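Since the structure comes first, as structure tokens, the remarks are kept for the end.
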Amino acid sequence: MTISRAAPEKQRLTAGLYFIATPIGAARDITLRALDILASADVLAAEDTRTLRHLMEIHGVSLGDRPLVAYHEHNNDAALPRLLRAIAEGKSVAYASEAGTPLISDPGFQLARAAIAEGYPVLSAPGASAVLCALTVSGLPSDRFLFAGFPPAAKGARQTFIRELAQVQATVILYESPKRVKALLDDLVQGLGEGRKSVVCRELTKRFEEVSRGTLGELAAAFDGRAVKGEIVVLIDRAPEQAADAATVEQALDQALTHMTMKDAAAAVAQAYGLARRDVYQLALKRAGG
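Taking our numbering, the leading residue of the sequence shown gets 10, the next gets one more, and so forth.
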């Protein structure tokens, strides 16, 4: 069902770079402010111009005679100077990623950094984000999270990547290709253990949206032999608190003292194991022969 709305009114935008969050699935998830900017900007830029044209057609936003510039990782050298030149000439430039919030696994980062370096205004019209959407429906802790992007495709590099995330005290969020999600789950089981709570989100906000929850072991089994399609977000619960037995704390202190001051080493180990800083500092003094 299509619900029509009045076409956005064209307003004069001040010169600068405007980032627009676009829907990750449902076209109606775009914001009214984003539509206003799309209707008003002097120059439009997009990771995928066909996707942006289609979105504008759905919402009755006319491109008119305004330029629509393709900007992606393969044409950065040519497109980026063109967009910066437009801002320098006093024009407003609006950039939209293919889906979701610009700069999240998106080439817009280089554009933003270049505009900031030139001293141009950089503004954002926030909206849809697969990261936040997945975190919202996951049921995993949301007070602290780490978006780690796409894991490396090569198995060895992916395993190293996972080991570096093993003790992160936050919900870890990953993007993954549907073709590699089973291999990723297998490597997560190997690197983090099969009991860690996790969630696989597929096709968020789209017709065949699916959220699978369970342990890493359960999800690896559930995706075994399954043909997977669509956009994938994988979330993993934070590392369990480590047992603070004396031998473990002493070993951590000895290691920390090789490259930290006694005060900093005691603080780091106390924080890692949930111990009183004063007690760990006294232990550090004994270990150092003080």
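Every residue gets a Cβ at the ideal spot worked out from N, C-alpha and C, and that includes glycine. None of the values given here were measured: they were computed from a predicted structure.
- By the Cβ-count criterion, Glu219 is exposed, with fewer than 16 other Cβ atoms from all chains shown falling within 10 Å of its own Cβ.
- In the DSSP assignment, Phe154 falls within the beta strand (DSSP E) that extends over Phe154 to Gly158.
- Look at Leu53 here: in three-state DSSP terms it is strand.
- For Arg211, the enclosing beta strand (DSSP E) has its first and last residue at Lys206 to Arg211.
- Residue pairing of Thr224 in beta bridges, as defined by DSSP: Lys206.
- Between Asp57 and the set Ser106, Leu225, Ala293 and Arg153, the nearest pair of CA atoms involves Ser106.
- Around the beta carbon of Arg205, a 10 Å sphere encloses 16 or more other beta carbons of the protein chains shown; the residue is thus reported as buried.
- Between Val70 and Leu44, the C-beta spacing is below 8 Å.
- Beta-bridge pairing by DSSP links Thr31 to Gly109.
- In terms of CA proximity to Tyr184, Ala157 leads the group Ala157, Leu262 and Pro76.
- Ile125 is classed as exposed because its beta carbon has fewer than 16 other beta carbons within 10 Å across all chains shown.
- The beta-carbon separation of Ile33 and Ala121, rounded to 20 Å, does not stay under the 8 Å limit for a contact.
- Here DSSP, grouped into helix, strand and coil, assigns Ile39 to coil.
- One Cα belongs to Lys164, the other to Thr270, and the distance between them is close to 37 Å.
- Nearest in C-alpha terms to Asp195, of all of Thr180, Ala229 and Glu173, is Ala229.
- When beta bridges are read from the DSSP output, Glu219 appears opposite Arg211.
- Counting along the chain, Thr180 sits inside the beta strand (DSSP E) bounded by residues Thr180 to Glu185.
- Counting only runs that start and end inside the stretch 233 to 269, the alpha helix (DSSP H) elements of at least 4 residues fall at 255 to 266.
- The Cβ atoms of Pro130 and Thr110 do not sit closer than 8 Å to each other.
- Membership of Val131 in the beta strand (DSSP E) is indicated by the continuous run Val131 to Ala134.
- Glu203 is a Cβ neighbour of Thr224, given a cutoff of 8 Å.
- Excluding residues up to 5 positions away in sequence, Ala279 lie with their Cβ nearer than 8 Å to the Cβ of Asp288 in the same chain.
- In the structure shown, Ser101 adopts extended strand secondary structure according to DSSP, grouped into three states.
- The beta-carbon separation of Asp51 and Ala95, rounded to 7 Å, stays under the 8 Å limit for a contact.
- Leaving aside the five residues that flank Val190 on each side, the residues in its chain whose CB is nearer than 8 Å to its CB run, in chain order, Val209, Phe232, Val237, Ile241 and Val243.
- Excluding residues up to 5 positions away in sequence, Ala274 lie with their Cβ nearer than 6 Å to the Cβ of Leu266 in the same chain.
- Around the CB of Phe154, 16 or more other CB atoms lie within 10 Å, so the residue is classed as buried.
- Here Arg286 is not near Ala293, since their CB atoms are 8 Å or more apart.
- In this structure, the beta-carbon distance from Leu262 to Arg296 falls below 8 Å.
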